[in-house]
Amino acid sequence: MATFRFRTPVSETDARKPNIGDTVYVSGIMITARDQAHRRALEHVRTGKPIPVSFEGGAIFHCGPIAVKEKEKWRIVAAGPTTSTRMEAYEAEFVEKLKPRIIVGKAGMGAKTAEAAKRFGAVYCDFTGGAAVLASQRIRAVKGVEWYDLGMPEALWILEVEEFGPMTVTIDSRGKNLHDIIQRSAQDRLTEILKTLGVSQ
Amino acid sequence: MSPLKSYHVVRTKSCIYAGLRGLRPHGGFLLGIEKTVEKTAVEILRRAVIYLPKDVKEALNNAYEKETSEAGKTQLKAILDNINLGESGKTPICQDTGIVLFYVTVGKDFGDFSFIPEVLLAAVRTATVEVPLRPNAVHPLTRKNSGDNTGTNMPYINWDIGDGDNIELTAMPKGAGSENMSSFAMLTPAEGVSALKRFVIDQVIRAGAQPCPPTIVGVGVGGSADIALKLAKKALLRPINARHPEPEIADLERALLSAINMTGIGPMGLGGTFTSLGVNIEYAHCHTASLPVGLNMQCWAARRATARIHRDGTVEMMS
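Protein chains in written order, with the working numbering: chain A, 7 to 207; chain B, 19 to 337.
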């Protein structure tokens, strides 16, 4: 398994290098976006309204942090990933239109996102779910917050990160999806598992 | 549960001063029972989101030692490192500090307890700012965030009746990653326990990485639809190293756990042995024509904290 250290903005060529199972670290700018930020960003793209940040070549983070404002400056207290499957409805279009190269979350994403990663050149990486203090240690500064009207978890937090990771690539640009492989393998074992419980199909 | 610490109370003619040693100093102040319950609720919320219960930490350490997959071991290492960092920095271990659920058991000799909902509401508002907790509570349809973790029926209080002159107060901040994997099935009595087993394994596979494994699986059997789900969540309050007192149920808990850990989903769903740390089952008798089964999952960050508050203002931290 290879290790990749990326700095934003990331080129399409670089984003196409990792394979599932590889380790990734990201430095530079990472922007949080959850369900509502995805939805609003895509609405703005469709209606031609401006978006306050550029995602091109960037890293997006499925995360709703705990942030505190100290002397007019935001500080991130805890910022682990949220379940990425909720963003499946939006991510393919988001990747196509807004061109992020790295998507960070947990628990993986579905076929539509994997297809977009393959077509447009992006990777999806898992950061350990719940490991919010570990994650916040790699956040150097809050560069800004946009769309705060969506609430603290759903706002766009623009974070400066250093060596954010280690993360595991679970969707690469070759159409491979590690979570999908593991889940299918669990499904394949179902009969055998039920047998140990004395249950025949 | 045996108390870990108790706090002395100094009584004067007209008031009670509680010296809450080991708690955040509240200064020299006057504490009525209402204020004591409120302060204690803030404290257990703080403890719940920062310090994992001992049984959960032990189970995670054990999983780390025994996990055979490299990916799984890496995830467990990150989890354990994160727990230590949270404790040493007094920081919530996960940014999803959940929605706030309380379990209140009121002793029959406690006396008037009508003030409890109001002080728990105040405690949640205070904890949101002071701990801090992430403001998670939104209107279910407009999705507007109330900003302080409160709202209609939130925090939610589960009531019970107990003995003695005390109330036992448990805070269970429940994250959405695991909660979103809850499920319910109205099984047929003819299929019985086989259907229950199949349902549990199916749901664990369906959930995959989403509930932040290694999980704790709470199963509520019987009662009615709502009762089964309530029991499934209540099952998560039991320490994972404590099996159900009835041997048949305890055996079922063990069998389901080892079956779940054959799926290979593993820590964070990246492959491995430890998909779950424990299975806890609670049941209620049900209608002869029904077999309701509720399932509530808990992530590895299984946060809960309990305190016992006596009428005289003495507070015992139970976890």
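Cβ coordinates follow ideal geometry from the N, Cα and C atoms, glycine included.
Cα-Cα separation between residue i and residue j, rounded to whole angstroms
i, j, result
"B/Asn176", "A/Ala84", "29 Å"
"B/Glu136", "A/His50", "42 Å"
"A/Arg22", "A/Ala161", "29 Å"
"B/Pro71", "B/Arg65", "9 Å"
"A/Thr88", "B/Asp330", "43 Å"
"B/Gly264", "A/Leu196", "Residue 264 of chain B is actually Glu in this sequence, not Gly. Distance between the alpha carbons of B/Glu264 and A/Leu196: 28 Å."
"B/Pro43", "B/Glu61", "For B/Pro43, the pLDDT reaches just 40, beneath the cut-off of 50, and the residue's location in the model is therefore unreliable, although a value from the coordinates is still provided. Whole-angstrom Cα-Cα distance: 11 Å."
"B/Gly40", "B/Gly107", "For B/Gly40, the predicted structure reports a pLDDT of 38, less than 50, and the residue's modelled location is therefore unreliable. A value from the coordinates is still provided. B/Gly40 and B/Gly107: Cα-Cα distance of roughly 17 Å."
"B/Phe217", "B/Ala203", "8 Å"
"B/Gln316", "B/Pro229", "7 Å"
"B/Phe292", "B/Ala77", "10 Å"
"B/Ile245", "B/Gly287", "30 Å"
"A/Glu18", "A/Arg81", "32 Å"
"A/Tyr31", "A/Gly171", "5 Å"
"B/Leu295", "A/Val175", "25 Å"
"B/Leu98", "B/His305", "44 Å"
"B/Ile185", "B/His328", "6 Å"
"A/Val16", "A/Ser179", "14 Å"
"B/Pro110", "B/Phe128", "32 Å"
"B/Thr86", "A/Met7", "17 Å"
"A/Met158", "B/Gly238", "34 Å"
"B/Gly210", "B/Leu309", "7 Å"
"B/Phe47", "B/Val149", "In this predicted model, B/Phe47 has a pLDDT of only 45, less than 50, meaning its place in the structure is not dependable; the value taken from the coordinates is given anyway. Computed Cα separation, rounded: 21 Å."
"B/Ile258", "B/Val74", "7 Å"
"A/Gly70", "B/Asn198", "16 Å"
"A/Gly34", "B/Thr281", "38 Å"
"B/Leu249", "B/Met190", "14 Å"
"B/Phe133", "B/Ile283", "46 Å"
"B/Ile68", "B/Gly104", "6 Å"
"A/Glu62", "A/Ile108", "10 Å"
Contact belief for residue i with residue j at Cβ below 8 Å, rounded distance in angstroms
i, j, result
"A/Thr29", "A/Gly64", "Not a contact, Cβ separation roughly 20 Å."
"B/Gly50", "B/Gly125", "Contact flag wrong, Cβ pair sits at about 18 Å."
"B/Val349", "B/Leu313", "As displayed, chain B neither begins before 19 nor continues past 337, which places residue 349 of chain B out of reach and without an answer."
"B/Pro285", "B/Leu159", "With a Cβ gap of about 36 Å, B/Pro285 and B/Leu159 do not count as contacting."
"B/Leu13", "B/Ala145", "In the structure as shown, chain B begins at 19 and stops at 337. Residue 13 of chain B is therefore absent and cannot be evaluated."
"A/Ile177", "A/Val129", "7 Å"
Delimiting residues of the beta strand (DSSP E) encompassing residue i
i, result
"B/Ile101", "That residue, B/Ile101, is in no beta strand (DSSP E); its alpha helix (DSSP H) goes 88-107."
"B/Ala323", "323-328"
"B/Lys192", "184-192"
"A/Tyr130", "129-132"
"A/Phe10", "9-13"
"A/Val30", "29-38"
"A/Ile177", "162-177"
"B/Gln316", "309-316"
"A/Lys75", "72-76"
"B/Tyr301", "294-302"
"B/Arg233", "Note that residue 233 of chain B is Thr in the sequence shown here, rather than Arg. Unbroken beta strand (DSSP E) run through B/Thr233: 233-240."
"B/Leu63", "No beta strand (DSSP E) contains B/Leu63, which is instead part of the alpha helix (DSSP H) from 51-68."
"A/Phe67", "65-67"
"B/Asp178", "174-180"
"A/Ile109", "108-111"
Extent of the continuous alpha helix (DSSP H) to which residue i belongs
i, result
"B/Lys75", "72-84"
"B/Ser337", "Run containing B/Ser337: none; DSSP gives neither H nor E here."
"A/Arg45", "41-53"
"A/Lys149", "Where A/Lys149 is concerned, there is no enclosing alpha helix (DSSP H), although the beta strand (DSSP E) it sits in stretches over 145-152."
"A/Arg195", "First-last for A/Arg195: undefined, no H or E at that position."
"B/Trp113", "For clarity, residue 113 of chain B is Gln in the given sequence; the question names Trp instead. Run containing B/Gln113: none; DSSP gives neither H nor E here."
"A/Lys124", "117-126"
"B/Gly210", "210-225"
"A/Ala138", "138-142"
"B/Ser276", "265-278"
"A/Lys79", "Per DSSP, A/Lys79 belongs to no alpha helix (DSSP H); it is in the beta strand (DSSP E), 79-84."
"B/Thr146", "134-148"
"B/Leu205", "No alpha helix (DSSP H) contains B/Leu205, which is instead part of the beta strand (DSSP E) from 201-205."
"A/Val101", "94-104"
C-beta neighbour in chain E for residue i, strict 9 Å
i, result
"B/Trp318", "The chain inventory of the structure shown lacks chain E, comprising the protein chains A and B."
Could you check whether the stretch 144-162 of chain B touches the stretch 108-121 of chain B, counting it as contact only if at least three pairs of C-beta atoms, one from each stretch, sit closer than 8 Å?
yes
Check each residue of the stretch 98-115 of chain B: if its Cβ is closer than 8 Å to any Cβ of chain A, include it; give the result in chain order.
Asp99, Asn100, Leu103, Gly104, Gly107, Thr109, Pro110, Ile111, Cys112, Gln113, Asp114, Thr115
Listed from N- to C-terminal order along the chain, which residues in the stretch 150-178 of chain A have their beta-carbon within a distance smaller than 9 Å of any beta-carbon of chain B?
Leu156, Gly157, Met158, Pro159, Glu160, Pro172, Thr174, Thr176
Closer than 7 Å between beta carbons: that is the criterion. Which residues of the stretch 216-241 of chain B meet it against chain A?
Arg216, Ile219, Ile223, Gly226, Ala227, Gln228, Cys230
Please identify, using Cβ separations under 9 Å, the residues of the stretch 127-144 of chain A that lie next to chain B, in order along the chain.
Asp132, Phe133, Thr134, Gly135, Gly136, Ala137, Ala138, Val139, Leu140, Ala141, Ser142, Gln143
Positions along the stretch 268-290 of chain B whose CB lies within less than 7 Å of some CB in chain A:
Ala273, Ala277, Met280, Thr281, Gly282, Ile283, Met286, Gly287, Leu288, Gly289
Given 8 Å as the limit, is there contact between the stretch 180-191 of chain A and the stretch 104-117 of chain A, that is, 3 or more CB pairs closer than that?
yes
Measuring CB atoms only, is the stretch 197-207 of chain A touching the stretch 210-224 of chain B, in the sense that at least three cross pairs come out at less than 8 Å?
yes
Could you list the residues in the stretch 182-194 of chain A with a C-beta less than 8 Å from some C-beta on chain B, going in chain order?
Leu184, His185, Ile188, Gln189, Ser191, Ala192, Gln193
If the cut-off is 8 Å on Cβ atoms, which residues from the stretch 195-218 of chain B count as contacting chain A, listed in chain order?
Gly195, Asn198, Ser212, Lys215, Arg216
Counting pairs of beta carbons, one from the stretch 122-130 of chain A and one from the stretch 96-106 of chain A, are three or more of them closer than 8 Å?
yes
At a Cβ cut of 7 Å, what residues of the stretch 72-85 of chain B count as close to chain A, listed as they run along the chain?
none
Cβ-based contacts, 8 Å cut-off: residues of the stretch 141-153 of chain B near chain A
Pro150, Leu151, Arg152, Pro153
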